[in-house]
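Only one structure is covered here, and it is reproduced in the block below.
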Amino acid sequence: MRKSVPIPIFIDYIENRAILIKGFVRGENLEVQMNKKKLVLMLSKIVEWNLEFNKIFAKYEILFEKKRVDELLFIPMKEFSEKNKFDIPQEFYVWIEKEIKKYKHYVVPMSPQHGDFWHGNIVESCNHLGIYDWEFFGKVNIPLFDFFHFLTMLLTSPENFAKNRKENFSIL
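Just so you know, numbering that gives the first Met the number 0 puts 21 at position 22 of the sequence shown, and the rest follows in order with no gaps.
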């Protein structure tokens, strides 16, 4: 984890806000060097990084139930997709509903979200990821909300996203 973010590093909570102070990360920006197809192939590394970071900063846990999923995932996803003219297929919602049933009595760690995680915030060097521009702007949410943002950025036109940037931060 520490190798994936700029060095020297300081990660802590100050006045209920997570703070990350960073130095320099070597590598080539993913936005510049890779096409979207290659980025999709790197998703497992990106998910692992995101989950590890969220574990470190988990503030509390919630019971994974339908009401929470609506409040923390479906409603923000709908708002985000409307603002960015990004259609989320109905099959995706159906799939999530089906998956949720498997985890009915599980707890989920809740942590602050960056709210602007995209391939422009990642460099790659010798098959290792480096994440930069990583402070918390978003609300405390489920760990994969930043990853959802990452995926939608792969599929959303930069023009639409740039127009709605302020609204996106308030949603996330």
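Every residue, glycine too, gets a C-beta built ideally from N, C-alpha and C.
Per DSSP, the bridge partner or partners of residue i
i, result
"residue 108", "60"
"residue 129", "122"
"residue 140", "110"
For residue j and residue i, believed in contact at Cβ under 8 Å, the rounded distance
i, j, result
"residue 71", "residue 121", "The pair is not a contact, with the Cβ atoms about 25 Å apart (cut-off 8 Å)."
"residue 99", "residue 65", "7 Å"
Interface flag, residue i vs chain D, CB-CB below 7 Å
i, result
"residue 153", "The chain labelled as chain D is not found in the depicted structure, where only one protein chain is given."
Element boundaries [alpha helix (DSSP H), containing residue i]
i, result
"residue 117", "That residue, residue 117, is in no alpha helix (DSSP H); it is neither H nor E in DSSP."
"residue 90", "89–101"
Beta-carbon proximity list for residue i, same chain, < 8 Å, skipping 5 on both sides
i, result
"residue 151", "79, 80, 83, 85"
"residue 45", "121, 128, 146, 149"
"residue 97", "none"
"residue 173", "No information on residue 173 is available, as it lies outside the stretch 0 to 171 that the chain covers here."
Proximal residues to residue i (C-beta, below 6 Å), its chain only, five neighbours per side dropped
i, result
"residue 143", "none"
"residue 53", "110, 142"
Secondary structure of residue i, DSSP reduced to three states
i, result
"residue 41", "coil"
"residue 84", "coil"
"residue 4", "Note that residue 4 scores a pLDDT of 49, beneath 50, so its modelled location is shaky and nothing firm can be said."
"residue 171", "Residue placement at residue 171 is poorly supported in this model, since its pLDDT is 48, which falls under 50; the coordinates are not used for a value here."
Same chain, Cβ closer than 7 Å to residue i, neighbours up to 5 away in sequence not counted
i, result
"residue 61", "67, 106, 107, 109"
"residue 139", "58, 109, 110, 111"
"residue 87", "76, 80"
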